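Engineer: Just passing along the structure, written as structure tokens.
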């Protein structure tokens, strides 16, 4: 399933990405609310520290007065009214286009002036220190990934609690004392170098791994000898979203890279990523000796994702240009010694109309998870000796309701299937030979966030979490079928009693009558009282927001006697392609309507009041927040927009933005332009004409090395906001911009920076909503 892993890495969608599965071949990613996520582990997401609900509460006085917009002297961004663009006959002014240049002195001065306002507002109060200490204390407990086996060894990631990056350990057996295999924390003093995109060779003797710096998507690939722990001399550069796919003889691997271009490539640039090419690298050689395998100069936006089959006799090439749908080619492989130039590829899928994720193959018969003709996904067999679509055969039928989210082959002839049923995980096993049902693993209400297992091994591990379960890793051996899965490792947090909390899944109607599910998490009480509510939304790119354990979320509940609400709005993948398609392209407004109606439902049901609701979203979720405070500012008391896509008329011009056309639409088509123009946060900023129309207190967050969603989106949006409200007597709530340094879109963010950002957000909520703080 490596194709799915790489496909989701391209999504603007992942404000911050939660790694759900990453076994060498069987991997995929899904997002988590950036500041409600737990500490991210590789290969899986694990939980963050929990609050102490049993401690006695004391009251700290509320802020003496809400600081209002009038008390700030916002930096006034220069307006260049000469910059205009005509699109489909409409003249579009773009007075802040100069902010698109991150290296300009004027841009840097603007960012510095904004931080001079926002940083003191956030961290100069006593409550910031209290919340920071509380988060730090609760974050500090061990977190683990599933063990994953390669050759004769087991590997796993662990974080002792406050380490900036997770450490990779090795052990010869599950009973042996683990030893450090690779510690990214030793690579930088501030923890801003992260391990990404790692993959072992088939025999487990070599380890190819990527290093990302300061949160950038750019990675440098290294190769390590597993026995000696020493690295080979070469470093492969100019790679993004890459995981090596090893040749079966373990002599080298296939990978994709971008050409060297003029200018910098450190994550702070905005240039579009184009003309990716496929190469073969032999271990020990310098990068300039790598063999060019495939290129498509006539298609500069194509992205190439190689995958060697389990048998080693085929190289599959998955090709994407958006964030959904792909082409599928393959080439037969012999010894890697014979790879001396471009390979000839057979075209299996030639239209961008569906997704395909490799599961395994038996000879020429290849099994794929696909939504071709199945919006909830099915498993099909394709004979590469006769790959015409008319010859495809369904191995496992599409479920009428549940979404097949991932699948992998283990123990030679078993297919493990991860389904989503009303946003909750279901784990079951089928036969590879005929697709028949074999068994189902018992699961409580929650999410399988990690899995490891390979076709050649009988053992599997899977990692379960829920809103109130920080993590349980199960172990099962198919060689002992008929037995029950055993708990291999369970996270227990001192002073955390989950019996004091409750989780409800409710359903509400959106504007058009669609039934939307939503999880509500809060402390147990004899009666429902109206409380502060943190409403998190995403809604895009076929990404599911499932139950997860969150330290920051639970600290919000305990510190402010609050409620967490997670509506599964359209645009996500909770109900398959039907749900995704209902919230993308010309139907994007459904996403905003679903979110706004979630707020209305929470108020009407007695959970909260409008002035106590704070909305939050990152990346595509940042777009959601920006659009909603433009459309219905009266629904919310505060808003947190993180690394958001705010300029919907120019998003496609920067870094990997062209890939998002599949969800947002192509501006070259008039109907898509008109649709984007209607909701683009930058182009729909307004001047409040009454107190009801004023913007909620808003904190816009971005980072200087975000090369997924460039900071220019946030900078231009805030400049437009400040211009619109500068003479408004009705705008009393603050509108702040905070730009972090040496940080990116969320990938590889050090623990210290996660805690700092979480503290900023909780402090902003405390001050602007005038909350009471329990300590």
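In UniProt numbering, the protein residues as written are 1 to 775. Ideal Cβ positions, reconstructed from N, Cα and C, are used throughout, including at glycine. Because the structure is a prediction, the values reported are computed rather than measured.
1. Assign residue 316 to one of three DSSP states: helix, strand, or coil.
2. Which residues bound the alpha helix (DSSP H) around residue 661?
3. When the Cα of residue 470 is compared with those of 287, 768, 73, 551, which residue comes out closest?
4. In the DSSP assignment, the beta strand (DSSP E) including residue 516 goes from what residue to what residue?
5. Can you grab the Cα-Cα spacing for the pair residue 184 / residue 170, in whole Å?
6. By how many angstroms is the C-alpha of residue 114 removed from the C-alpha of residue 773?
7. Provide the residue span of the alpha helix (DSSP H) that contains residue 85, from first to last.
8. Express the C-alpha separation of residue 713 and residue 644 in angstroms, rounding to a whole number.
9. Report the start-end ranges of each alpha helix (DSSP H) in the segment 545–607 that is 4 residues or longer and not cut off at the edges.
10. Once the 5 residues before and after residue 107 are set aside, which same chain residues still bring their CB inside 6 angstroms of it?
11. List the whole-angstrom C-beta distance separating residue 761 from residue 136, where the pair is believed to meet the contact cut-off of C-beta under 8 angstroms.
12. For residue 685, count neighbouring C-beta atoms within 10 Å of its own C-beta (all shown protein chains included) and say buried if the count is 16 or more, exposed if not.
13. Taking the alpha carbon of residue 634 as the point to measure from, which residue in 579, 93, 688 has its own alpha carbon closest?
14. Do you know how far the Cα of residue 467 is from the Cα of residue 759?
15. Under 8 angstroms Cβ to Cβ from residue 720, same chain only, skipping five residues before and after it: list those, please.
16. Using the Cα positions of residue 336 and residue 279, report the straight-line distance between them to the nearest angstrom.
17. Please report the Cβ distance between residue 215 and residue 706, rounded to the nearest whole angstrom; I am assuming they are in contact, meaning their Cβ atoms lie under 8 angstroms.
18. How far does the alpha helix (DSSP H) with residue 154 in it extend, from its first residue to its last?
19. Which residues does DSSP list as the beta-bridge partners of residue 281?
20. Measure the C-alpha to C-alpha separation of residue 186 and residue 747 and round it to an integer number of angstroms.
21. Where does residue 844 sit, in a helix, a strand or coil, going by DSSP?
22. Using the Cβ count rule (16 or more neighbours within 10 Å means buried), how would you classify residue 29?
23. To the nearest angstrom, how far is the alpha carbon of residue 531 from that of residue 562?
24. Measuring only the C-alpha atoms, how far is residue 273 from residue 524?
25. Name the one or two DSSP bridge partners that residue 225 has.
26. Is residue 628 helix, strand or coil when you go by DSSP?
27. Cβ of residue 567 within 9 angstroms of Cβ of residue 446?
28. When the distance is taken between beta carbons, is residue 211 closer than 9 angstroms to residue 782?
29. Below 8 angstroms, can you find three or more Cβ-Cβ pairs linking the segment 592–612 to the segment 505–517?
30. Would residue 396 and residue 417 be called neighbours here (beta carbons separated by less than 9 angstroms)?
31. Count the other CB atoms within 10 Å of the CB of residue 527; is the residue buried (16 or more) or exposed (fewer)?
32. With a Cβ-Cβ cutoff of 9 angstroms, do residue 236 and residue 220 count as a contact?
33. Identify the continuous beta strand (DSSP E) that holds residue 504 and give its terminal residues.
34. For the candidate residues 599, 560, 656, 458, whose alpha-carbon lies nearest to that of residue 518?
35. What does the Cβ neighbour count give for residue 225, buried or exposed, with the cut at 16 atoms within 10 Å?
36. Can you tell me the Cβ-Cβ gap for residue 459 and residue 742, rounded? I've got them flagged as a contact below 8 angstroms.
Structural biologist: Once the coordinates are examined:
1. strand
2. 661–664
3. 551
4. 515–523
5. 15 angstroms
6. 27 angstroms
7. Careful: residue 85 lies outside any alpha helix (DSSP H), inside the beta strand (DSSP E) at 84–87.
8. 7 angstroms
9. 551–560, 576–581, 589–604
10. 99, 101
11. In fact, because the Cβ distance is near 15 angstroms, the residues do not count as touching under 8 angstroms.
12. buried
13. 688
14. 20 angstroms
15. 96, 682, 685
16. 12 angstroms
17. 7 angstroms
18. First-last for residue 154: 153–159, but that is the beta strand (DSSP E), not the alpha helix (DSSP H).
19. 253
20. 18 angstroms
21. Nothing about residue 844 can be read from this structure; the chain reaches only from 1 to 775.
22. Here residue 29 scores only 22 on pLDDT, less than 50, and its place in the model should not be relied on; the value that follows carries that caveat. Buried, by the Cβ-count rule.
23. 6 angstroms
24. 50 angstroms
25. 206
26. helix
27. no
28. Outside the modelled stretch of the chain, which goes from 1 to 775, sits residue 782, for which no answer is possible.
29. yes
30. yes
31. exposed
32. yes
33. 501–509
34. 599
35. exposed
36. In fact, because the Cβ distance is near 40 angstroms, the residues do not count as touching under 8 angstroms.
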